[in-house]
Ligand SMILES: Nc1ncnc2c1ncn2[C@@H]1O[C@H](COP(=O)(O)OP(=O)(O)O)[C@@H](O)[C@H]1O
Ligand SMILES: Nc1ncnc2c1ncn2[C@@H]1O[C@H](COP(=O)(O)OP(=O)(O)O)[C@@H](O)[C@H]1O
Ligand SMILES: [Mg+2]
Ligand SMILES: [Mg+2]
Ligand SMILES: [Mg+2]
Ligand SMILES: [Mg+2]
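Chains as they are written, first to last, in our numbering: chain C, 50 to 271; chain B, 50 to 271; chain S, 74 to 408; chain E, 74 to 408.
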């Protein structure tokens with residue numbers, strides 16, 4: 050509580066951020082599948098935790114603990130290798146783009162995190178062509194990204210910008226409840242898809258929330 | 050009733066014997082299918098009347114009215130052409146053999162009718178390999194043939210021998226009621242085939258009965 | 074009963090119309106509309122090959138008319154023998170002066186109609202010989218082997234006889250090879266659901282959900298055992314336990330394997346079964362030379378599978394490898 | 074649910090085991106167990122052809138790996154896109170230095186995985202281009218033609234591109250021909266019953282007895298109309314009324330026709346439908362060049378049929394006639 054709040058953390062030793070994502074996904078497995086069951090085929094939690102848990106094996110297989118960019122690459126590659134359907138390429142593309150954006154960086158700071166986040170969101174849109182309002186993870190991602198950058202522009206520090214990002218992500222996730230699905234499996238239901246949360250938007254909120262927590266922990270811990 | 054009883058009739062003009070068979074089969078259509086329905090697939094009357102009625106067309110297609118041998122050949126060929134399964138070759142073989150046996154004869158008499166009958170029965174056994182007791186038309190045919198020849202050997206006239214044939218055919222047909230089917234579709238039922246008449250044995254009785262009636266009518270009419 | 078048909082009584086006519094339209098480049102219909110003839114049939118001096126049987130088993134029988142295979146086929150009503158006249162007309166169409174081999178399955182109706190057909194053909198001076206397939210192990214004990222039904226093993230008999238006829242063997246040799254093939258062939262089926270003849274409108278046998286019928290016939294003839302459904306692994310073992318000791322097929326032998334779906338069982342599952350069969354044959358030390366997997370001999374929309382093994386030797390192996398081309402089976406020349 | 078399987082979660086693995094065992098003479102499995110590769114793949118300089126998709130459609134997709142057809146296929150779970158890595162590995166396996174064409178169907182998952190696969194492949198300097206099949210007329214109006222799904226028309230695209238690659242065309246030309254083929258191709262399906270994914274254990278859609286679903290997708294995607302079942306005659310008319318005006322296909326045109334059963338519909342009925350299609354096309358003055366009938370692109374044990382028409386011109390006709398050899402499709406050289 051009284052610790053110093055840093056504005057960056059070294060990439061080396063930041064693989065824990067990915068490990069936290071993996072742990073989180075295992076915890077949310079049942080809940081995410083339950084949400085997907087309402088208007089999808091009830092496998093979102095299974096798909097996600099299957100892909101994420103395999104990433105742990107890949108990271109463990111390395112000669113030395115990866116830095117954050119390499120850990121994100123491991124996660125991306127595992128998703129691209131382990132999950133077909135849409136989640137593999139969407140989240141695989143998201144983490145791959147983040148990894149690439151960070152691969153030349155020695156430390157993680159507000160600026161390059163923002164660039165990585167934008168690049169990840171671009172990849173998701175490039176791969177999936179979803180727009181805000183389609184009831185997908187884009188409904189979480191876009192407002193989260195925009196809030197983060199707005200906070201930075203308003204001069205807020207890294208940790209505060211992350212808080213803004215998470216708050217906007219939560220709003221974005223909640224916004225999917227009243228949307229009609231226009232993409233993916235749920236779109237077949239038409240108006241019947243209205244009234245429940247979107248599974249992908251929910252997993253995406255958990256991911257951004259976990260990222261923010263882990264980064265903030267790293268900023269504080271030093 | 051007081052007419053003279055001849056011992057032969059000319060082959061020319063005897064095609065009516067086959068026409069009577071065709072008429073009879075149309076009348077027995079429903080009954081024969083009903084019997085077949087109990088332990089078979091319920092199509093025996095349909096199969097038989099379909100084949101027999103087509104023979105009328107074939108006979109009508111000839112330049113002049115066929116003699117008995119030719120009419121029997123028409124019936125045989127129609128059955129071989131029109132009915133697959135087992136009835137086509139069995140009854141087709143029966144009538145073909147009868148036709149061949151009579152083809153060189155100018156008149157039908159007790160002797161060559163007996164030879165034709167024997168030859169027809171041989172054909173049925175050659176084609177179907179059934180024995181007495183298998184619950185098939187052989188159970189009608191063999192006792193009928195034997196009774197006919199016994200009557201001839203005992204010096205009885207043509208018409209009386211025909212009566213003996215029909216009586217034995219009736220007994221043979223009735224005997225199938227208590228038999229267990231060993232050939233054909235009904236044999237799959239095992240003991241459950243006991244207690245009902247065999248459809249083929251029944252149609253065979255009708256055929257022999259019609260043949261006898263028609264021949265006797267010809268012997269009397271002259 | 075959701076089917077793609079017009080008048081249920083005319084399904085065979087309607088199928089033949091489409092079949093001949095679709096394959097007019099390689100086959101035609103004879104004057105008898107129930108006889109399908111390869112365009113390569115009746116080549117002077119070559120032995121003609123004929124089969125026939127009830128419909129509802131497509132691509133059997135008509136799908137095996139083609140080069141290096143059958144010359145003519147007699148087509149019956151669904152699950153019912155073709156007429157004697159149709160078998161006869163197929164023989165006439167296949168005859169090129171070298172004699173005709175009628176290679177068919179052991180069913181009462183087919184036996185009788187072929188017998189009468191031959192009688193008719195011999196009247197016209199044709200030379201006809203027959204081989205009757207009896208590869209279905211489950212249909213009678215080995216002591217009554219002549220009573221066994223013919224099933225998918227017929228395809229291998231046609232293939233080998235077709236290759237022999239194509240390379241110019243005489244009737245006696247073609248018959249010898251066909252007979253040898255079927256003598257070395259064993260099949261068994263497992264039924265998982267019934268099927269419905271459109272004109273009948275309801276199934277004439279049932280297999281309850283969760284059950285399977287081992288040894289079922291191609292028309293739903295009762296098998297030797299109705300039991301709870303097993304894994305593909307155990308099905309393969311069960312079927313090979315029936316087939317292998319019967320011939321017998323022993324360590325060091327080489328076999329051709331044919332897996333056929335009965336109609337509604339997905340190809341995926343047929344390959345799962347094939348994987349399990351090859352596992353077991355490996356373990357037994359039996360070599361697989363040439364596998365065939367697919368809906369090769371069906372029973373309308375029945376679920377289930379048949380497995381056929383042919384014990385090979387050098388001459389059979391060569392003939393099996395010869396090229397052929399037909400709707401049901403194509404073996405490329407370059408293989 | 075009477076199926077020939079082991080663990081319902083491992084049906085794809087188990088199928089692949091059997092598939093590769095059965096066809097080891099013509100194909101093999103890559104280091105990635107979800108990639109099947111033709112033994113003729115990666116010939117120096119020749120354009121490589123790749124596809125991929127969910128399992129349960131056998132013989133699609135893996136059955137079209139072969140000579141004159143596809144070089145490598147990525148295999149997904151049942152009704153679910155292969156992973157990006159599998160598409161990538163298929164591309165690597167197919168590459169002979171002449172570039173790779175990925176010819177696949179328009180489904181969200183496949184689109185995304187192919188996109189990521191190409192990104193990965195381009196990192197390693199491979200040249201990859203794509204054509205996305207969208208032949209299913211019923212899946213979107215013509216104004217949104219890019220949204221339409223790809224169905225059995227893909228087979229004709231593979232056949233024509235395969236022939237082009239085999240005769241040595243470059244990547245640009247192969248892509249042009251594949252794109253042209255699919256642009257000239259229209260398909261529509263009718264569903265008559267649902268199907269059950271073994272791991273799910275129950276159908277995820279239903280078609281009541283006596284009803285049919287016009288325009289149904291290959292995974293049970295809703296069609297455009299659920300109506301009482303019609304005769305084959307009327308089904309053919311209904312399907313052609315959807316297909317013909319869309320391209321349009323007009324009097325004097327020549328088409329290739331492909332009829333595929335969806336799994337459980339007997340071959341007999343597919344030919345009945347083909348007969349009715351040819352009746353109607355005759356009446357319209359549309360010529361049929363090369364019919365294909367069979368279980369060519371299925372949906373497990375679904376009952377139903379799809380009809381595909383490809384409007385031909387000289388170059389497409391020649392390529393369609395070129396020889397090819399695979400499990401799903403063989404065109405003989407001598408035809
Ligand atoms: N084009 C797309 N862009 C972004 N997200 C998408 C897209 N299509 C689907 N999604 C997301 O995918 C989620 C479903 O994922 P999942 O259940 O794992 O896959 P599937 O739908 O194949 O079962 C949806 O809740 C939605 O958020
Ligand atoms: N091998 C045989 N020899 C003589 N008659 C036979 C033989 N097999 C069957 N049958 C007769 O066939 C009759 C059934 O004929 P039918 O119903 O027309 O044919 P299917 O059994 O093919 O439906 C039986 O009642 C029996 O009398
Ligand atoms: Mg899913
Ligand atoms: Mg889902
Ligand atoms: Mg009957
Ligand atoms: Mg019958």
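Each residue gets a CB set at the ideal place from its N, CA and C atoms; glycine is no exception.
For this session: Determine, using beta carbons only, whether residue 147/B and residue 121/B come nearer to each other than 8 angstroms.
Result: yes
Problem set entry | Interface residues of the region 144–167 of chain E facing chain C [CB-CB below 7 angstroms] | 149, 150, 153, 154, 155, 156, 157, 158
For this session: Quick one: which unbroken beta strand (DSSP E) runs of 3-plus residues sit fully inside the region 129–216 of chain E? Chain order, please.
Result: 145–151, 173–178, 201–206
Exercise. What are the complete beta strand (DSSP E) segments, minimum 3 residues, inside the region 236–315 of chain E?
Worked result: 258–264, 284–287, 298–301
Exercise. For ligand 2, is there a heavy atom less than 7 angstroms away from the beta-carbon of residue 93/B?
Worked result: yes
For this session: At 9 angstroms on the CB atoms, spell out the chain S contacts of residue 282/E, in chain order.
Result: 74, 75
Problem set entry | Residues from the region 167–187 of chain C in contact with chain E, defined by Cβ distance under 8 angstroms | 175, 176, 177
Exercise. How is the beta strand (DSSP E) around residue 59/C delimited, first residue to last?
Worked result: 57–59
For this session: Mark residue 229/E as exposed unless 16 or more other C-beta atoms lie within 10 angstroms of its C-beta, in which case mark it buried.
Result: buried
Exercise. Which residue's Cα is closest to the Cα of residue 165/S: 152/S, 186/S, 193/S?
Worked result: 193/S
Problem set entry | CB contact below 8 angstroms: residue 194/E versus chain C | no
Exercise. In chain S, which residues lie with their C-beta within 8 angstroms of the C-beta of residue 141/B?
Worked result: 157, 189
Problem set entry | residue 235/E beta carbon less than 8 angstroms from that of residue 383/E | no
For this session: Go ahead and pull the three-state DSSP assignment for residue 262/B.
Result: helix
Exercise. In chain D, what lies closer than 8 angstroms to residue 181/S by C-beta?
Worked result: Reference to chain D is not applicable here, since the protein chains of this structure are C, B, S and E.
Exercise. Do residue 316/S and residue 210/S come within 8 angstroms of each other at the CB atom, strictly closer than that value?
Worked result: yes
Exercise. Taking the C-alpha atoms as reference points, what is the distance between residue 312/E and residue 83/B?
Worked result: 42 angstroms
Exercise. For chain S, is any of its Cβ atoms less than 8 angstroms away from the one on residue 106/E?
Worked result: no
For this session: Please report the residue range of the beta strand (DSSP E) in which residue 379/E lies.
Result: 377–384
For this session: Thinking residue 157/B and residue 264/B are a contact (beta carbons under 8 angstroms), I'd like their distance in whole angstroms, please.
Result: 7 angstroms
Problem set entry | Inter-residue Cα distance where the pair is residue 140/E and residue 386/S | 29 angstroms
For this session: Report yes if the CB atom of residue 135/C is closer than 8 angstroms to the CB atom of residue 233/C, and no otherwise.
Result: yes
Exercise. So residue 100/S is in the alpha helix (DSSP H); what residue range does that whole segment cover?
Worked result: Per DSSP, residue 100/S belongs to no alpha helix (DSSP H); it is in the beta strand (DSSP E), 100–102.
Exercise. Taking the continuous alpha helix (DSSP H) assigned at residue 59/E, which residues delimit it?
Worked result: Residue numbering for chain E in the displayed model covers 74 to 408; residue 59/E lies beyond these limits and cannot be assessed.
For this session: Taking only the alpha-carbon atoms, compute the straight-line gap between residue 258/E and residue 230/B and give it to the nearest angstrom.
Result: 58 angstroms
Exercise. Can we count residue 85/B as close to ligand 5, meaning its CB is less than 7 angstroms from some heavy atom?
Worked result: yes
Exercise. Within 7 angstroms: the Cβ of residue 134/B and any heavy atom of ligand 6?
Worked result: yes
Problem set entry | Secondary structure, beta strand (DSSP E): runs of 3+ residues fully inside the region 134–192 of chain B | 156–158
Exercise. Taking 8 angstroms as the CB-CB limit, is residue 132/C close to chain E?
Worked result: yes
Exercise. Rounded to a whole number of angstroms, what is the C-alpha to C-alpha distance between residue 90/B and residue 273/S?
Worked result: 10 angstroms
Exercise. How is the alpha helix (DSSP H) around residue 104/C delimited, first residue to last?
Worked result: 93–109
Exercise. Could you give the distance in angstroms between the alpha-carbon of residue 127/B and the alpha-carbon of residue 115/S?
Worked result: 27 angstroms
For this session: With a cut-off of 8 angstroms on the beta carbons, I'd call residue 294/S and residue 133/B a contact; round off their distance for me.
Result: About 18 angstroms; that fails the 8 angstroms criterion.
For this session: Go ahead and pull the three-state DSSP assignment for residue 56/S.
Result: Only positions 74 to 408 of chain S appear in this structure, which leaves residue 56/S out of reach.
Problem set entry | For residue 374/S, the first and last residue of its enclosing alpha helix (DSSP H) | Run containing residue 374/S: none; DSSP gives neither H nor E here.
Problem set entry | Coil, strand or helix - residue 91/S by DSSP | helix
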